[in-house]
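Worksheet: the structure to be examined is printed underneath.
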Amino acid sequence: MASTGRAVPFYCPYCGEEDLVPDIPEGATGEGHGHWACRACQRSFRLSLTALASATTTTSTTSRTPRTTGTTAPEENG
Numbered sequence: 559m560a561s562t563g564r565a566v567p568f569y570c571p572y573c574g575e576e577d578l579v580p581d582i583p584e585g586a587t588g589e590g591h592g593h594w595a596c597r598a599c600q601r602s603f604r605l606s607l608t609a610l611a612s613a614t615t616t617t618s619t620t621s622r623t624p625r626t627t628g629t630t631a632p633e634e635n636g
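Shown next, in the form of structure tokens:
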């Protein structure tokens with residue numbers, strides 16, 4: 559299967575159906591990439607990349623909560 563360079567959505571974000579087709583809006587001059595139309599609900603939407611996730615991870619310092627000493631288990635009333 560050849561890659562088309564499109565991010566293919568798995569379902570419609572409005573109705574959840576999977577009947578999606580690529581959509582090029584009228585008057586789009588090279589801006590049609592990422593537009594999709596749902597045949598079920600007749601809505602169209604656009605997928606776009608907003609940011610890249612950072613590959614670095616930060617190590618957090620462990621903060622310890624102070625333990626209370628001298629606590630006893632609650633007594634049973636019987």
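Our numbering puts the first residue of the sequence shown at 559, with every later residue one more than the last. Ideal Cβ placement from N, Cα and C applies to all residues, glycine included. Model, not experiment: these values are computed from the prediction.
Between Arg601 and Tyr572, the beta carbon gap of about 5 Å places them in contact (Cβ cut-off 8 Å). A straight-line Cα-Cα distance of about 6 Å links Gly592 and Ser606. Per DSSP, Cys596 is one residue of the beta strand (DSSP E) stretching across 593-596.
In this structure, Val566 is the residue among Leu610, Val566, Ala613 with its C-alpha nearest to the C-alpha of Pro580.
At a Cβ-Cβ threshold of 8 Å, Glu576 and Cys599 do not count as neighbours.
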